[in-house]
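These protein sequences, in sequence, are chains V and C.
Per this note's numbering, residue 1 is the first one in the first sequence, and the count goes up by one each step.
Per this note's numbering, residue 1001 is the first one in the second sequence, and the count goes up by one each step.
Working notes for the structure below.
Number of protein chains: 2
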Amino acid sequence: MNAPSPDRSRTRRPGRAARAHGKRSREAILDAAESLLAERGFAGTGIAAIRERSGLPASSIYWFFENKEDLAAAVVERAMDRWTKMLGETRDTAPPGELFDRLMRRALDEMGHALPPFLRLEMMLALERGAQDPALLARLRAGRETGRRMTEDALADAFSKLGDRARPLAADLSSLAIAWTQGALVGHLLDPERIDLDALADELGVALAAVADHRLKRERSP
Amino acid sequence: MNAPSPDRSRTRRPGRAARAHGKRSREAILDAAESLLAERGFAGTGIAAIRERSGLPASSIYWFFENKEDLAAAVVERAMDRWTKMLGETRDTAPPGELFDRLMRRALDEMGHALPPFLRLEMMLALERGAQDPALLARLRAGRETGRRMTEDALADAFSKLGDRARPLAADLSSLAIAWTQGALVGHLLDPERIDLDALADELGVALAAVADHRLKRERSP
DNA sequence: ATCGTATTGGAACGTTCACTACACTAGATT
DNA sequence: AATCTAGTGTAGTGAACGTTCCAATACGAT
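Quick look at the structure:
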């Protein structure tokens, strides 16, 4: 009916989904690997465990991924993409002036319910593999940097009354905001009764405002 | 000379240090295991690696410790003891009114230079093994609780002008202070250039004061 | 000098590890 | 109908794992 296949060289059209389970199997493997890596870390997660949890044989795992490291990197990449997308959506729908509050609240909310696996994943891999696998560390850093830059924008928005001081201050405090948020989340994981995530979004804003004030004062009179 | 050994049953006097290298070997194994566990986690640390780094054969490791888990527990115990001792000393030598500042500064200072291995150890084992090894998790929690209680004392001291509100507020904020400190330290590990540990002791105090204020205000007018 | 015992050295144990080889099937293409 | 290939199933590979065994050692006490 339509244009006949040109027979010069084997230009196989890559779309068309060859076998039904292709992408679905890949996702199943990534799902299994993600939860296992978050639970047990890289060294603690065996291919056998991924095979069991995903229901797919080892040969399929090695069909989609070069080796265990490559699989872990793919897991991180997918998780980072989800995270970035969520942050972007929040930013695009929040009214100005409330950006920081919304962002923090959304992050805490999301993390408090669905994302501890992701948080665990990031921390575990950073701590365990960061020193040995620079490529993975770079990927983790890139994801962290994306989050940081969005936090910086949100803080600049929150500090907008400070004029041209707002931006550098926001850049400076964004790392602190992320670090503190992350610390609180880890605290919540280790000791859920003592860290009240609901109260935190408010209080982090208050705390950062106080630190900003402190820094500005020190800037004037060293 | 002294009392002759009573021959009823084999009551061997346990003191007296039998072989010269006994305790020293045990410490060497603990040292090697501690650094390796902090670097690579539990699953990532093999007995072979501990043997190499400590210079002692596997049989010695299994002479002093029942198995790998027991060794990890001993590592944690020793690290926690050091930590507790250091905090206690700081508390006992700090003048009242400056307790919190001193404690935070000392903790950050110590951690910034000597203790990242310890921090890594705590976090890695908590994240990696916590779910599977309740005894280890309990030990980690106990150490964390000791630190928290000392922080609570220090904060109560800092808030002393608030009278009888000081203590509950201090108890409440101590967890937050620890979580934030820990978050900042992890941030420093992942991104050393962006988190300035030296500035943090000041600013954490400022931030906590602001949060305390915020909570008191909300308490009055809900 | 001899003995007992706290350690060490080294070689094994069975199991699990990451990974591979290869026959095979299902669905798309011809 | 025949062919092709993305993906699956099974059975394996050598290496590394945690752990054990036991002979060899060296020191303290006798």
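Even for Gly, the Cβ is constructed at its ideal location relative to N, Cα and C.
How would you list, in chain order, the residues of chain V whose beta-carbon sits under 9 Å from the beta-carbon of residue i?
{"i": "Ile1195 of chain C", "result": "Ser175, Leu176, Ala179"}
{"i": "Ala1043 of chain C", "result": "Arg40, Gly41, Phe42, Ala43, Gly44, Thr45, Glu128"}
{"i": "Ala1131 of chain C", "result": "Glu39, Arg40"}
{"i": "Asp1070 of chain C", "result": "Going along chain V, no residue has its Cβ under 9 Å from Asp1070 of chain C, so there is no contact; the nearest lies around 18 Å."}
{"i": "Gly1147 of chain C", "result": "Near Gly1147 of chain C there are no residues of chain V at all, since even the closest Cβ is about 12 Å away, more than 9 Å."}
So is residue i buried or exposed if we call it buried at 16+ other beta carbons inside 10 Å?
{"i": "Asp1157 of chain C", "result": "buried"}
{"i": "Thr93 of chain V", "result": "exposed"}
{"i": "Arg1105 of chain C", "result": "buried"}
{"i": "Ser59 of chain V", "result": "exposed"}
{"i": "Ala32 of chain V", "result": "buried"}
{"i": "Glu1034 of chain C", "result": "buried"}
{"i": "Gly44 of chain V", "result": "buried"}
{"i": "Gly46 of chain V", "result": "exposed"}
Among the candidates the options, whose CA atom is the shortest distance from the CA of residue i?
{"i": "Gly205 of chain V", "options": "C:Asp1164, C:Val1211, C:Asp1172", "result": "C:Val1211"}
{"i": "Asp1191 of chain C", "options": "V:Ser25, V:Ala131, V:Gly163", "result": "V:Ala131"}
{"i": "Leu208 of chain V", "options": "V:Leu197, V:Arg53, V:Ala171", "result": "V:Ala171"}
{"i": "Asp1123 of chain C", "options": "V:Arg220, V:Leu185, V:His21", "result": "The displayed chain sequence assigns Met, not Asp, to residue 1123 of chain C. For Met1123 of chain C, the nearest C-alpha among the options comes from V:Leu185."}
{"i": "Asp109 of chain V", "options": "V:Asn67, V:Pro57, V:Ala199, V:Ile61", "result": "V:Ala199"}
{"i": "Ala74 of chain V", "options": "V:Arg91, V:Leu169, V:Glu27, V:Ala177", "result": "V:Glu27"}
{"i": "Ile1029 of chain C", "options": "C:Gly1046, C:Ile1061, C:Arg1040", "result": "C:Ile1061"}
{"i": "Ser1025 of chain C", "options": "C:Arg1040, C:Thr1045, C:Thr1090, C:Ile1050", "result": "C:Ile1050"}
{"i": "Asp1179 of chain C", "options": "C:Lys1068, C:Arg1148, C:Phe1159, C:Arg1220", "result": "The question names Asp, yet the displayed sequence has Ala at residue 1179 of chain C. For Ala1179 of chain C, the nearest C-alpha among the options comes from C:Arg1148."}
{"i": "Glu1052 of chain C", "options": "C:Leu1036, C:Glu1066, C:Asn1067", "result": "C:Leu1036"}
May I have the straight-line CA-CA distance separating residue i from residue j, to the nearest angstrom?
{"i": "Ala1038 of chain C", "j": "Leu127 of chain V", "result": "8 Å"}
{"i": "Asp1164 of chain C", "j": "Lys1217 of chain C", "result": "16 Å"}
{"i": "Leu137 of chain V", "j": "Arg1082 of chain C", "result": "31 Å"}
{"i": "Glu77 of chain V", "j": "Val1076 of chain C", "result": "33 Å"}
{"i": "Arg1167 of chain C", "j": "Asp1213 of chain C", "result": "14 Å"}
{"i": "Gly1097 of chain C", "j": "Asp1202 of chain C", "result": "14 Å"}
{"i": "Thr1146 of chain C", "j": "Ala1079 of chain C", "result": "13 Å"}
{"i": "Ala1135 of chain C", "j": "Leu1125 of chain C", "result": "12 Å"}
{"i": "Gly1022 of chain C", "j": "Phe1064 of chain C", "result": "9 Å"}
{"i": "Phe972 of chain C", "j": "Thr84 of chain V", "result": "The shown model of chain C, from 1001 to 1222, leaves out residue 972 of chain C, and the question about it has no answer."}
{"i": "Arg1016 of chain C", "j": "Asp1133 of chain C", "result": "With a pLDDT of only 35 at Arg1016 of chain C, under the threshold of 50, the placement of this residue in the model should not be trusted, and no figure is reported."}
{"i": "Ser54 of chain V", "j": "Leu1197 of chain C", "result": "43 Å"}
{"i": "Pro1014 of chain C", "j": "Arg1040 of chain C", "result": "Below a pLDDT of 50, predicted positions are generally treated as unreliable, and Pro1014 of chain C, at 35, falls in that range; the measurement from the model is reported next regardless. Distance between the alpha carbons of Pro1014 of chain C and Arg1040 of chain C: 36 Å."}
{"i": "Ala142 of chain V", "j": "Thr1090 of chain C", "result": "39 Å"}
{"i": "Arg139 of chain V", "j": "Arg1129 of chain C", "result": "25 Å"}
{"i": "Ala294 of chain V", "j": "Glu1219 of chain C", "result": "The requested residue 294 of chain V does not occur in the structure, where chain V is confined to residues 1 to 222."}
{"i": "Ser1160 of chain C", "j": "Leu1087 of chain C", "result": "21 Å"}
{"i": "Leu1071 of chain C", "j": "Phe118 of chain V", "result": "30 Å"}
{"i": "Leu56 of chain V", "j": "Glu69 of chain V", "result": "18 Å"}
{"i": "His188 of chain V", "j": "Ser1221 of chain C", "result": "27 Å"}
{"i": "Arg1215 of chain C", "j": "Pro95 of chain V", "result": "26 Å"}
Residues of chain V with CB under 8 Å from residue i, in chain order?
{"i": "Met1123 of chain C", "result": "Met123, Leu127, Val186"}
{"i": "Arg1144 of chain C", "result": "Leu190, Asp191"}
{"i": "Gly1022 of chain C", "result": "Under the 8 Å cutoff, chain V gives no residues; its nearest Cβ is about 31 Å from Gly1022 of chain C."}
{"i": "Gly1163 of chain C", "result": "Within 8 Å Cβ-Cβ: nothing; Gly1163 of chain C doesn't reach chain V, min ~22 Å."}
Just checking my contact of residue i with residue j at CB under 8 Å: how many whole Å lie between their CB atoms?
{"i": "Leu103 of chain V", "j": "Thr151 of chain V", "result": "7 Å"}
{"i": "Leu99 of chain V", "j": "Ala154 of chain V", "result": "4 Å"}
{"i": "Arg1120 of chain C", "j": "Ser175 of chain V", "result": "Their Cβ separation, rounded to whole angstroms, is 19 Å, which puts Arg1120 of chain C and Ser175 of chain V out of contact at 8 Å."}
{"i": "Leu162 of chain V", "j": "Leu173 of chain V", "result": "Wrong, their Cβ atoms sit about 12 Å apart, outside the cutoff."}
In chain C, which residues lie with their C-beta within 7 Å of the C-beta of residue i?
{"i": "Glu203 of chain V", "result": "Val1211, His1214"}
{"i": "Ala207 of chain V", "result": "Ala1207, Ala1210, Val1211"}
{"i": "Arg120 of chain V", "result": "Leu1127"}
Taking 7 Å as the line, does the beta carbon of residue i fall inside it for any heavy atom of the ligand ADP?
{"i": "Asp1070 of chain C", "result": "The ligand ADP is not among the ligands present in this structure, which contains no ligands whatsoever."}
Show which residues of chain C have a CB atom less than 8 Å away from the CB atom of residue i.
{"i": "Leu136 of chain V", "result": "Simply none; closest approach about 12 Å."}
Anything in chain C within Cβ reach of residue i, meaning under 9 Å, just list it in chain order.
{"i": "Arg141 of chain V", "result": "Leu1190, Asp1191"}
{"i": "Gly97 of chain V", "result": "Within 9 Å Cβ-Cβ: nothing; Gly97 of chain V doesn't reach chain C, min ~19 Å."}
Please list, in chain order, the chain V residues whose beta carbon lies closer than 7 Å to that of residue i.
{"i": "Gly1088 of chain C", "result": "Per Cβ cutoff of 7 Å: no residues; Gly1088 of chain C is ~22 Å from chain V at best."}
{"i": "Gly1055 of chain C", "result": "Result: empty, since nearest Cβ-Cβ is about 22 Å, beyond 7 Å."}
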